[in-house]
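To start, the structure under review is shown below, and the notes come after it.
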Amino acid sequence: MFDAKLRPLIDPPLNRMGMALARSGVSANLLTFTGLSIGLAGAAAIAFGHLLSGLGLIIVNRLLDGLDGAVARVRGPTALGGYFDIVADFAFYVSVPLGFGVLDPANTLAALVLVASFVLTGVSFLAFAVIAAERGERTEAHGRKSFFYSTGLAEGGETVAVFVAFALVPAYFVPLAYGYAVLCVLTVIQRSVLAIMQFRD
Numbered sequence: 659m660f661d662a663k664l665r666p667l668i669d670p671p672l673n674r675m676g677m678a679l680a681r682s683g684v685s686a687n688l689l690t691f692t693g694l695s696i697g698l699a700g701a702a703a704i705a706f707g708h709l710l711s712g713l714g715l716i717i718v719n720r721l722l723d724g725l726d727g728a729v730a731r732v733r734g735p736t737a738l739g740g741y742f743d744i745v746a747d748f749a750f751y752v753s754v755p756l757g758f759g760v761l762d763p764a765n766t767l768a769a770l771v772l773v774a775s776f777v778l779t780g781v782s783f784l785a786f787a788v789i790a791a792e793r794g795e796r797t798e799a800h801g802r803k804s805f806f807y808s809t810g811l812a813e814g815g816e817t818v819a820v821f822v823a824f825a826l827v828p829a830y831f832v833p834l835a836y837g838y839a840v841l842c843v844l845t846v847i848q849r850s851v852l853a854i855m856q857f858r859d
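Here you go:
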C-alpha cells in the first residue's frame, strides 16, 4: 500500500549505493543471497529468543533487498535475478513468523495462519504478474522490475513494519499476526477484483 509512495524517498540513496557497489564488481545476485542468509539468521535468532538481534538482522536483510535492485538497475535487470529476488523475499517473509512460532508455542497457530496468508498473497501476486506479462502490460509504480508488480494493501513496507512490531512487543504477536493475516486476505481479494477488471476479455 505504501511501497510506491516510499520509492521517491528511498530510491535516490539506494541508487547511489547501488552505483558504487556495481562499479566495485558486486553483483545483484550476491546481494540477494547474502540478504537471504542474513534474514534467515534473523528468524533463527528470534526462534532462540534474541529478538533485538533478530530485528537488527531483519533490517539488514531489507537494506540488502533494496540494494540488489539498485545494482540490478545499474547493470540491467535479468529474468534470473528477478526469480532469485522474489524467491528470496518469500523465503524470508515466511521464516520470521515461523521463528516466532518456535519461540513460543502459544504463537504457533497464529504463525501458521500468517504463513498461509503470505502464501495466498504470493500466489495472487505471481499469478497476476504472469498474466500481465502474457498480455504485455507493464508498470513502474514500484520502480523498474523484472516482472509486473501489482499493488495491494499488504506489501513489503507493511510486512516489515509488522515484523518490527513483533520484535518490539512480542506479547502482542498473536493479535498482530491475525490482524495482518486478515489484511493479506483482503489484499488477495483486492487483487482478484483488479484481475477481473483488467483481464476480462
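Residues 659 to 859 in my numbering are what the sequence shown spells out, letter by letter.
For each residue, glycine too, the CB sits at the ideal point set by N, CA and C.
- Closest by C-alpha distance to N765, out of V832, G712 and T692, is V832.
- Contact annotation: T845 and A812 have beta-carbon atoms nearer than 7 Å.
- Between the beta-carbon of V718 and that of S775 there is about 25 Å, and that puts the pair past the 8 Å contact cut.
- Here V752 has V773, F776 and V777 as same chain residues with Cβ atoms under 8 Å from its own Cβ, once five neighbours each way along the sequence are excluded.
- Taking C-beta separations shorter than 6 Å and ignoring five residues to either side along the sequence, the partners of I716 in its chain run G700 and F821, following chain order.
- V818 and L756 have their alpha carbons spaced roughly 15 Å apart.
- By the neighbour-count criterion, in which a residue is buried when 16 or more other Cβ atoms sit within 10 angstroms of its Cβ, S782 is buried.
- For A812, the secondary structure class from DSSP, reduced to helix, strand or coil, is coil.
- In this structure, DSSP gives E792 a helical state, which the three-state scheme calls helix.
- Between the alpha carbons of D669 and A768 lies a distance of about 34 Å.
- A check of alpha carbon separations from L738 across Q848, G683, G810 and F691 identifies F691 as the nearest.
- Cβ atoms of A823 and L834 come within 8 Å of each other, at about 6 Å.
- Excluding residues up to 5 positions away in sequence, I704, A705 and G707 lie with their Cβ nearer than 7 Å to the Cβ of L761 in the same chain.
- In the DSSP annotation of this structure, the continuous segment of the alpha helix (DSSP H) that includes D743 starts and ends at A737 to L761.
- Considering only L679, L725, L672 and G676, the residue with the shortest C-alpha distance to L694 is L725.
- With fewer than 16 neighbouring CB atoms inside 10 Å of its own CB, A829 falls in the exposed class.
- Shortest Cα-Cα distance from A839 to any of T779, F857, G814 and L784 involves T779.
- Under the three-state reduction of DSSP output, V840 falls in the helix class.
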